[in-house]
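> One structure is given below, represented as structure tokens, and several questions about it will come after.
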Amino acid sequence: MNQRYSRALCGLVLCVLAGIGWVAQCQASAVLPETELRALPRFTEEREAAALCFVKKHLPDLVPLLEQLKKNNLKQYEHEVREIFQATEWLADFQEDAKHYELELRIWKAENKAHILAAKLSTSADEERKQLETQLQSLAKELIELDVQVLELKADQLDKELGEVKDELAKARDNPEKQVKERYEQLLQKAKKRGK
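Sequence positions in the sequence shown follow our numbering and run 314 to 509.
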């Protein structure tokens with residue numbers, strides 16, 4: 314569900330932490346399908362600034378990884394910035410619904426924290442590994458809870474829409490003769506306006 318804006322960041326984290334020499338291997342496993350790649354906005358300085366501002370505000374742990382990637386692999390860095398910018402645009406679509414926006418933002422942050430932890434697992438010592446696994450399990454639990462909350466929100470919205478449609482249906486079925494007369498008069502008025 315939320316892979317739409319986090320798969321490439323997983324590649325970023327893995328590439329930075331595992332070593333830049335493995336970039337091609339990381340990219341192959343983490344980038345979006347070709348159809349989604351074409352949908353990414355092009356890289357611009359303005360979009361870069363917006364993406365970095367978003368990351369600094371919501372996931373500052375990612376900033377050093379991006380800076381390192383910019384030094385070592387500019388093409389991959391630009392791709393990651395485009396992914397982040399696309400995520401900000403996608404999230405902006407929810408801003409009118411504050412609850413949905415907050416849930417999706419929390420999911421974005423949790424998923425990307427999880428990717429950072431997962432990448433650290435591959436390079437950590439045994440004593441640190443247990444702590445990282447515990448944190449990762451906690452994030453997995455949080456993500457499941459957030460997914461459930463998003464589904465509950467969507468179900469509530471659909472219930473509300475269904476109620477509204479049923480109300481409209483009841484009104485349409487109520488007193489059909491009156492409905493026919495009103496529609497007939499509307500059609501006559503339109504015909505008269507066209508005739509003028």
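The beta-carbon is built from N, C-alpha and C at its ideal position, and this holds for glycine as well.
Below 8 Å on the Cβ atoms is my guess for E415 versus L456; work out the distance and round it to an integer in Å.
At roughly 15 Å, the Cβ-Cβ gap does not stay under 8 Å, so E415 and L456 are not in contact.
> My understanding is that L449 touches A431, with C-beta atoms under 8 Å, so please give their C-beta distance in whole angstroms.
Indeed, because the Cβ distance is near 6 Å, the residues count as touching under 8 Å.
> Which runs of the beta strand (DSSP E) spanning at least 3 residues fall entirely within the region 343-422, listed in chain order?
For the region 343-422, not a single whole beta strand (DSSP E) run of length 3 or above is found.
> Got a sec? Which residues, its chain only, sit under 8 Å from T348 by beta carbon, not counting five neighbours each side?
Residue placement at T348 is poorly supported in this model, since its pLDDT is 41, which falls under 50; the coordinates are not used for a value here.
> State the Cα-Cα distance for the pair I397 and A453, rounded to the nearest angstrom.
Computed Cα separation, rounded: 21 Å.
> Answer yes or no: do E393 and F356 have a C-beta to C-beta separation smaller than 7 Å?
It is not a contact, given that the beta carbons lie outside the stated cut-off.
> Quick check: L434 and L418, are their CB atoms within less than 7 Å of each other?
No, the Cβ-Cβ distance between L434 and L418 is not below 7 Å.
> Just the Cα atoms here: how many angstroms apart are I429 and L482?
Roughly 51 Å separates the two Cα atoms.
> With DSSP collapsed to three states, give me the class of K494.
Correct three-state label for K494: helix.
> Given S342, which residues of its chain have a CB within under 6 Å of its CB, disregarding the five upstream and five downstream residues?
Note that S342 has pLDDT 34, beneath the 50 cutoff, so the model's placement of it is unreliable and no number is given.
> Give the secondary structure of C339 by DSSP, where H, G and I count as helix, E and B as strand, and everything else as coil.
A caution first: C339 carries a pLDDT of 36, below 50, which makes its placement in the model unreliable, though a value can still be read off. Three-state DSSP puts C339 in a helix.
> Any Cβ of chain D within less than 7 Å of the Cβ of L387?
Protein chains in the displayed structure number just one, and chain D is not present.
> For L375 versus K422, is the C-beta spacing smaller than 7 Å?
Cβ atoms of L375 and K422: not closer than 7 Å.
> Rounded to whole angstroms, what is the Cα-Cα separation between K471 and A438?
The amino acid at residue 471 is misidentified as Lys; the sequence shows Leu. When rounded, the distance between both Cα atoms is 48 Å.
> Suppose the cutoff is 8 Å on Cβ atoms and the five residues either side in sequence are ignored; what does the same chain contact list for A427 look like?
For A427, where only same-chain residues beyond five positions count, the Cβ hits under 8 Å are L449, L452, A453, L456.
> Does the Cβ of A362 have 16 or more other Cβ atoms within 10 Å, making it buried, or fewer, making it exposed?
It counts as exposed.
> Can you tell me whether Q389 is buried or exposed, with buried defined as 16 or more other CB within 10 angstroms of its CB?
Under this definition Q389 is a buried residue.
> Around the C-beta of Q338, are 16 or more other C-beta atoms found within 10 angstroms, so that it is buried, or is it exposed?
Residue confidence for Q338 is low, a pLDDT of 32 falling below 50, so the modelled location carries little weight; the figure read from the coordinates is stated next. Classification of Q338: exposed, given that the 10 Å Cβ count is below 16.
> Please work out which residues of its chain come closer than 6 Å, Cβ to Cβ, to K384, disregarding the five sequence neighbours upstream and downstream, and give them in chain order.
No residues qualify anywhere along the chain.
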